[in-house]
Ligand SMILES: [Zn+2]
Ligand SMILES: [Zn+2]
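Residue numbers (the numbering used here), protein chains in the order written: chain B, 1 to 735; chain U, 1001 to 1365.
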């Protein structure tokens, strides 16, 4: 093995249940997973030198800078803390980032936490994916993740010759494996027929091809070799890591084979001394947000572009737990659930359980020396890979994890977020994106009924969209601009029955989304758009199409100035020669910004601590939570103590406080509302302490003009009588 | 293993930057950094970017990182924090021995964010912190706590604004250079008392890119600057529990960086300090946590700080880092200090956090 630097081991893991809607707040989920991982490792939070946390888009949890929001829950109070993310690849990036902390020699121990709470998104988390697309060139097409999955799955089937039924085998396998996982959200015995009969969302993607959205947190403890051998009978070492991020210009990507995953795998294998992955790796946890993805990723993890080996393994049953190459023995994202970042770390935890002999009913039949876990994400763009192993396969052991049952894990499933105290919130998130030089000319093209590109003088690519520099030629300036033909060839497509926010299209309506290579551009370079004037069943890979433009007067300089692409007539002539043009000169009139918006809205649970606070407040009461670690009463009520990282019980551990005993600890007279507009009347924000409790409560003070406010003034909490939320927290001065 | 800054690039800062897309803005800074490092993008092993989704306007903003730094298909990840957190993460990564050279990138297109206060309000805890009023309220609470528990007065806070905006007059990269009086600052429009409008750094657009390398791989670098120590830490994210008079995050981060750099009395051993001043009172809080006294003020933020050059979101500490590297090479121009061999650079994540990072930099000749 060729690892330089310090060896790094996993010595403990923790996780909550994976549920569609959790009552716990994001920090409360993280805290329970962190505490469990510490317990499993036999360490306390004081033994932890640094914390790193993985979580994917902020738009899920619905908190700007959500990494900062999660500090206390991740056990990082007063510690070195970093949050990292690479979209859906985040979960497996998490142990890699943690590995850096320890392998560098900077820290002896690192707590790695991954959290995702997707349920606050209203009406559906899928809405968060609208804004993963380029704001200036793609968002107007109203795409979402299911669409690009459909596009990729269709390309994958076309290239490797899979049928939908064959791909469904993966869904059947994972959901069955998950029956033995204590955290599983949708473990079940299903058949290929069930998958085929499940609702069609965006052909070829059906409901049961997809993993569910989930809320959960997972944590692991990483240490250097010395601590690992001191504290742990069966440390599992990180033997290799790899991560690669491809260009954001996804329309030019090979969607059949994920080269970036293979490159990441090769990096990890090189570090781990693996040259023949199919022979040298015992178990595989490829990322499986959709069933075909597991196969797509297996091709890359086996470094097999022909795809033959994966096919053989799938059809021969070798991917089963008792097979030669067990795949997703955990149950994967398809069975355990898919709280994006937490899923990847769950796969790492599974390698730890399997290699250390603690997987219980999920333990695979063969001896396990070494396993690989992988995650994937962004715009079909990133691969993260970790190889883990131990000195030898461990005997099967009876531990907490081998015996764990669902009821041993934290995580309270709700039917509806509105069944508990909750807060509705809609942020006003508006933007205007400077188009800059290249996109000014590109968008001006649409206005003039032209698709425009620019040519790199070094690699010679004629690129769409036009760009000012070449991303693969050391940022070489790109100065030649062209008008291209508005005809092209369908590379791949999906037949969608859903909108960007996951709501169904009107019955009978189908949106055909395709990646189209434009004539005259570099081969396979093109754009994503919709097709029309053709029956969905007649769309094929390789069909020729032509743009249908809006009338000139209606065009505004956006990709939707092309209404759609239609089939090119058999006898229609095409002149594919690019015509050189003079790019648009930038000045105060032409340098425009493209309008953008993040159209999210949220319904948050108040969390276990918040529920207690707001239930009390409605009745004019106040309580704190007794903490045995601090031997103190914390306010506001809390489900964990961030100093000792122990669970607290906001109900059982409640200590009544006198709501009329508040004292102003600090105040600020504010003159603007949350959007920065001037208030008609200034308001007073107060931070209020209560005798007998550690902590404070923030709220607003009811005042009349002329009132003087001072630190130390006595105030009382005003009974809200209604819904939860910080805007209902009011104080008044005690007479 | 010694890690050095091989090259550094900056584009900005501008109150607005119409005519440059964010890609073009970053590519400009990256080209400068690569030229300075004597490397082509293709010769660099990987990249760390520092971004937040809602500042960039994307969900999973890391998608849009590789192209404008010329790093597609390389090992890249994104972290959240100040640019200095990115530096700290990259230094660790190089010290694993698996990477020789890395790029660190952060940028701001603050002018493209039309609802900045809404975005900041959205950073507060949905259950307890979003009071429906200006998100600067916590700055008011902090400043009141800080003044109440220290010897500083509101005039001292105003003095920070006067000093930094005036220092920025000599910095060609700082758009907010101005000569103000104490009464201008104290008497400015109140936003969240005692914080006035002039005590808050104005937003700006910029991109900053640094190339780091293991010292033995940095042979092409024209004038490498050594990263002698890095530290980072976060205060309590539960604002109800945080001590608002003191920046614990800064103190812990500084101790870590000083100890790694082998500094015993950093106030004397560092010739210059760059300290986050996104809010004026925070500069005073930070210098206290960094263990320096008010007397050292002439050597704090000689470039004008964020008050002089702008709040550039994640890139804010990057502007200080850029100036520190230039300063240690004797290339800071009009505000060059004489005989500076070591600098401490501090960055803060902004409200509602107390997440801070510190890097100690040393000239190599
Ligand atoms: Zn090129
Ligand atoms: Zn406690």
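Backbone N, C-alpha and C fix where the C-beta goes; we use that ideal spot for every residue, glycine too.
For residue i, which residues of its own chain have a beta-carbon under 8 Å away from its beta-carbon, when the five flanking residues on both sides are left out?
i              : result
residue 533(B) : 548, 564, 566, 567
residue 86(B)  : 93, 243, 245, 377, 378, 382, 384
residue 535(B) : none
For residue i, I'd like the list of residues in its chain whose CB is within less than 7 Å of its CB, leaving aside the five on either flank, ordered along the chain.
i              : result
residue 1(B)   : Residue confidence for residue 1(B) is low, a pLDDT of 39 falling below 50, so the modelled location carries little weight and cannot support an answer.
residue 558(B) : 140, 443, 446
residue 638(B) : 609, 625, 648, 650
residue 475(B) : 469
Where residue i and residue j are concerned, what is the direct C-alpha to C-alpha distance, given to the nearest angstrom?
i               : j               : result
residue 1097(U) : residue 7(B)    : 12 Å
residue 3(B)    : residue 515(B)  : For residue 3(B), the pLDDT reaches just 48, beneath the cut-off of 50, and the residue's location in the model is therefore unreliable, although a value from the coordinates is still provided. If you take the alpha carbons of residue 3(B) and residue 515(B), they lie about 41 Å apart.
residue 347(B)  : residue 242(B)  : 16 Å
residue 1304(U) : residue 130(B)  : 40 Å
residue 208(B)  : residue 298(B)  : 20 Å
residue 1148(U) : residue 666(B)  : 10 Å
residue 275(B)  : residue 1223(U) : 40 Å
residue 487(B)  : residue 526(B)  : 10 Å
residue 733(B)  : residue 1287(U) : 36 Å
residue 1106(U) : residue 406(B)  : 43 Å
residue 624(B)  : residue 635(B)  : 5 Å
residue 591(B)  : residue 436(B)  : 7 Å
residue 127(B)  : residue 602(B)  : 11 Å
residue 621(B)  : residue 664(B)  : 18 Å
Within 8 Å: the Cβ of residue i and any heavy atom of ligand 1?
i               : result
residue 461(B)  : yes
residue 458(B)  : yes
residue 451(B)  : no
residue 1023(U) : no
residue 464(B)  : no
residue 1069(U) : no
residue 513(B)  : no
Exposed or buried, residue i, counting other C-beta atoms within 10 Å across all chains shown (16 or more means buried)?
i               : result
residue 573(B)  : exposed
residue 1316(U) : buried
residue 1041(U) : buried
residue 315(B)  : exposed
residue 197(B)  : exposed
residue 503(B)  : exposed
residue 1059(U) : buried
residue 1189(U) : exposed
residue 331(B)  : buried
residue 66(B)   : buried
residue 721(B)  : exposed
Taking the DSSP output, what are the residues bridged to residue i?
i               : result
residue 117(B)  : 215(B)
residue 327(B)  : 284(B)
residue 52(B)   : 82(B), 112(B)
residue 1232(U) : 1357(U)
residue 1076(U) : 1047(U)
residue 1180(U) : Its beta-bridge partners do not exist; DSSP assigns none.
residue 244(B)  : 383(B)
residue 672(B)  : 678(B)
residue 1273(U) : 1300(U), 1344(U)
Is residue i near ligand 2, judged by its Cβ being under 8 Å from some heavy atom?
i               : result
residue 644(B)  : yes
residue 632(B)  : yes
residue 297(B)  : no
residue 78(B)   : no
residue 1270(U) : no
Can you determine whether any heavy atom of ligand 3 sits closer than 8 Å to the C-beta of residue i, and answer yes or no?
i               : result
residue 1073(U) : Ligands present in the displayed structure are limited to ligand 1 and ligand 2, and ligand 3 is not among them.
Near residue i, what residues of its chain come up, given a Cβ to Cβ distance below 6 Å and the 5 sequence neighbours on each side ignored?
i               : result
residue 1226(U) : 1004, 1362, 1364
residue 614(B)  : 421, 606, 724
residue 219(B)  : 14, 33, 34, 37, 113
Can you give me, in chain order, the residues of the stretch 469-489 of chain B that have a beta carbon less than 7 Å from any beta carbon in chain A?
-> Any reference to chain A falls outside this structure, whose protein chains are B and U.
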